[in-house]
Amino acid sequence: MISDPLILSIAIIFIMFVFLLSSIWIGISLILTGFVGMLIFDSNLPDSISIFDKIGDLLASSMYDSLNSWSLAALPMFILMGEILYKSSISTKLLNGLMPWLNFVPGKLLHINVAACSLFAAVSGSSAATTATVGKITLEELKKRGYSKALALGSLAGSGTLGFLIPPSLIMIIYGVLSDVSIGKLFMAGIIPGILLATLYSIYIIVVSKINKEVVPNDEKKYKFKDYINSIKELFPILALIVIVLGSIYGGIATPTEAASLGVLGSIFLAVYFKSFSLEIFRIALLNTIKTSTMISFIIVGAGFLSQVIGFLGIARAISEYIGSLGLTPMMLILIIGIMYILLGMILDGISIVVMTLPIVLPIIVMAGFDPLWFGIFLVFMVELSQITPPVGFSLFVIQGISGEKIEYILKATLPFFILTILAVIIITYFPQIVQFLPNYMIK
17 MISDPLILSI AIIFIMFVFL LSSIWIGISL ILTGFVGMLI FDSNLPDSIS IFDKIGDLLA
77 SSMYDSLNSW SLAALPMFIL MGEILYKSSI STKLLNGLMP WLNFVPGKLL HINVAACSLF
137 AAVSGSSAAT TATVGKITLE ELKKRGYSKA LALGSLAGSG TLGFLIPPSL IMIIYGVLSD
197 VSIGKLFMAG IIPGILLATL YSIYIIVVSK INKEVVPNDE KKYKFKDYIN SIKELFPILA
257 LIVIVLGSIY GGIATPTEAA SLGVLGSIFL AVYFKSFSLE IFRIALLNTI KTSTMISFII
317 VGAGFLSQVI GFLGIARAIS EYIGSLGLTP MMLILIIGIM YILLGMILDG ISIVVMTLPI
377 VLPIIVMAGF DPLWFGIFLV FMVELSQITP PVGFSLFVIQ GISGEKIEYI LKATLPFFIL
437 TILAVIIITY FPQIVQFLPN YMIK
């Protein structure tokens with residue numbers, strides 16, 4: 017039996033990784049970790065209460081508390097909206113509409129991954145859906161036109177993660193529910209950092225295309241005035257859907273959950289309007305939404321139980337006091353936490369990272385004087401990095417499935433965009449006003 021919280025925390029972390037590396041479902045791994053943690057703790061419970069009774073109470077209460085949230089209802093709605101857009105021809109129209117406008121920019125159509133992912137992220141909320149949808153359309157087209165394969169793959173990997181940063185974002189919803197931070201404010205806080213990251217990607221493409229002329233073909237299609245008019249027709253429905261979903265939230269007309277429902281209705285309407293909607297498409301979208309939502313909910317339940325166990329055992333308080341005794345500066349603390357998240361991204365998916373670490377990390381962050389709203393965006397950046405960090409970077413596998421390229425080649429192509437994402441993290445850390453400006457300006 018162990019009574020020292022610091023020793024117990026090390027033991028629990030070790031146990032958790034043993035379960036996770038044994039290929040057990042993440043939700044079950046988290047529950048088993050909490051279960052074992054309770055069993056090895058010298059709890060000194062009254063004789064009238066057994067340790068199993070206490071475990072049962074914690075598990076029951078955590079299941080209810082974790083999922084009893086109206087804000088969490090937005091999660092399946094945004095997933096369904098992204099699925100409908102992904103399965104219909106709307107995403108193709110988005111790409112066709114962007115092509116004429118990017119033709120005059122250095123790097124030309126290489127920017128299409130950045131622009132298309134940014135726009136699709138604003139109506140999807142899912143990094144996987146954004147990467148898969150845009151990649152299936154752009155990679156083959158860029159290859160046919162003679163663009164650099166490495167730059168096309170790297171820009172898709174980096175830009176695909178914008179699905180987590182540009183609202184609506186599934187990670188932001190989960191973070192907001194678990195940390196009790198306004199989801200509407202999180203959505204606002206992610207806009208400028210999202211634009212910043214997309215801009216860094218585009219600047220890199222421009223610089224590379226200027227240095228190496230071979231990454232862009234010489235012969236390009238010349239667009240006429242009518243092509244630009246037609247492209248506006250292609251883009252207008254998507255832009256209208258973005259305005260409806262995000263405008264209803266920022267204008268105070270609807271909650272994120274209500275806006276997500278509007279997004280689902282809007283995506284169905286657009287699919288019907290463009291004659292790309294069918295009952296089979298809707299059935300597949302519903303089925304994928306149920307699978308994804310259930311998976312996420314199971315992980316949240318497991319993380320909720322582990323969070324309650326950590327609180328009961330006094331681990332969070334002990335770790336906070338220990339780190340406080342080290343006398344670390346706030347910047348050193350955030351550096352250590354950032355490195356920890358990058359390492360975790362090598363073996364865990366983004367959602368798991370958030371729900372597993374938040375109970376321990378958030379109290380430490382608040383104690384160090386960081387704004388929980390700012391930390392939410394910092395954490396989203398860390399999750400983005402986890403999507404393109406080997407060996408479990410989910411976006412890497414999505415791109416491999418689309419392109420058929422070896423994972424080593426994709427990793428090499430993705431590295432510059434990985435570094436640019438870290439640069440964006442450094443910028444928002446030293447200038448937190450980038451994150452806080454819109455929420456503070458728009459909500460008094």
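When you read off a place in the sequence shown, starting at 1, and then add 16, the result is the number in the working numbering. Note that the Cβ used here is the ideal one computed from N, Cα and C, for glycine as well.
Alpha helix (DSSP H) containing residue i: first to last residue?
| i | result |
| --- | --- |
| Val232 | Element bounds for Val232: n/a, residue is neither H nor E. |
| Lys70 | 67-83 |
| Lys242 | 241-266 |
| Ile56 | 42-56 |
| Met362 | Taken as a continuous stretch (DSSP letters only), Met362 belongs to no alpha helix (DSSP H), as it is neither H nor E. |
| Leu126 | Counting along the chain, Leu126 falls outside any alpha helix (DSSP H), and DSSP gives it neither H nor E. |
| Pro272 | 272-289 |
| Tyr102 | 90-103 |
| Lys307 | 295-329 |
Assign residue i to one of two classes, buried (16 or more other C-beta atoms within 10 Å of its C-beta) or exposed (fewer than that).
| i | result |
| --- | --- |
| Lys129 | It should be pointed out that residue 129 corresponds to Asn in this sequence rather than to Lys. Flag for Asn129 reads buried. |
| Thr146 | buried |
| Met383 | exposed |
| Phe386 | buried |
| Met362 | exposed |
| Met348 | exposed |
| Phe57 | buried |
| Glu424 | exposed |
| Phe30 | exposed |
| Gly210 | buried |
| Phe252 | exposed |
| Glu296 | exposed |
| Gln449 | exposed |
| Thr215 | exposed |
| Ala76 | exposed |
| Leu285 | In the sequence under discussion, the amino acid at residue 285 is Phe, which differs from the Leu named in the question. Phe285 is exposed by the Cβ-count criterion. |
| Ile435 | exposed |
| Glu156 | exposed |
Please report the straight-line C-alpha distance between residue i and residue j, rounded to a whole angstrom.
| i | j | result |
| --- | --- | --- |
| Pro346 | Lys242 | 55 Å |
| Lys238 | Ser292 | 29 Å |
| Leu79 | Phe321 | It should be pointed out that residue 79 corresponds to Met in this sequence rather than to Leu. The straight-line gap from Cα to Cα measures roughly 7 Å. |
| Ile265 | Ala275 | 6 Å |
| Met372 | Ser247 | 44 Å |
| Ser309 | Arg161 | 38 Å |
| Ile222 | Lys229 | 11 Å |
| Ile426 | Leu257 | 33 Å |
| Ile95 | Thr305 | 6 Å |
| Ala429 | Leu412 | 11 Å |
| Pro116 | Ile42 | 44 Å |
| Gly268 | Leu360 | 37 Å |
| Met356 | Leu378 | 14 Å |
| Leu262 | Phe203 | 9 Å |
| Leu461 | Asp73 | The structure shown does not extend to residue 461, since the chain is modelled only from 17 through 460, so no value can be given for it. |
| Ala334 | Leu158 | 54 Å |
| Ala90 | Ser419 | 32 Å |
| Ser82 | Val317 | 6 Å |
| Ile344 | Ile352 | Inspection of the sequence shows that residue 344 is occupied by Leu rather than by Ile. Looking at the two C-alpha atoms, the distance is approximately 10 Å. |
| Ala173 | Leu114 | 19 Å |
| Gly192 | Ile260 | 22 Å |
| Leu22 | Ala319 | 20 Å |
| Pro432 | Ile219 | 12 Å |
| Phe121 | Val52 | The sequence as given places Val at residue 121; Phe does not occur at that position. Whole-angstrom Cα-Cα distance: 57 Å. |
| Leu302 | Met311 | 14 Å |
| Pro92 | Ser185 | 12 Å |
| Ile315 | Leu194 | 12 Å |
| Ala27 | Leu55 | 12 Å |
| Ile208 | Ile71 | 43 Å |
Is any heavy atom in the ligand HEM found nearer than 6 Å to the beta carbon of residue i?
| i | result |
| --- | --- |
| Ser402 | The ligand HEM is not part of this structure, which contains no ligands at all. |
Since residue i and residue j should fall inside the 8 Å C-beta cutoff, what is the C-beta to C-beta distance between them, to a whole number of angstroms?
| i | j | result |
| --- | --- | --- |
| Ile369 | Val399 | 6 Å |
| Ile331 | Leu24 | 6 Å |
| Gln403 | Gly366 | 6 Å |
| Ser171 | Tyr244 | That pair is no contact at about 24 Å. |
| Gln452 | Leu374 | Incorrect: roughly 20 Å between the Cβ atoms, too far for contact. |
| Ile376 | Ile326 | 6 Å |
| Ser143 | Gly179 | 4 Å |
| Leu167 | Glu421 | Rounded, the Cβ-Cβ distance is 13 Å, inconsistent with contact. |
| Ile189 | Ile199 | 6 Å |
| Lys103 | Ile339 | Contact doesn't hold; Cβ gap of about 47 Å is too wide. |
| Leu126 | Val197 | Incorrect: roughly 36 Å between the Cβ atoms, too far for contact. |
Q) Where in the segment 173-229 do unbroken runs of the alpha helix (DSSP H), each at least 4 residues long, occur, reported from the N-terminal end onward? A) 178-181, 186-195, 199-227
(Q) What ranges does the beta strand (DSSP E) occupy inside the segment 390-448, keeping only unbroken runs of at least 3 residues that lie completely in it? (A) none
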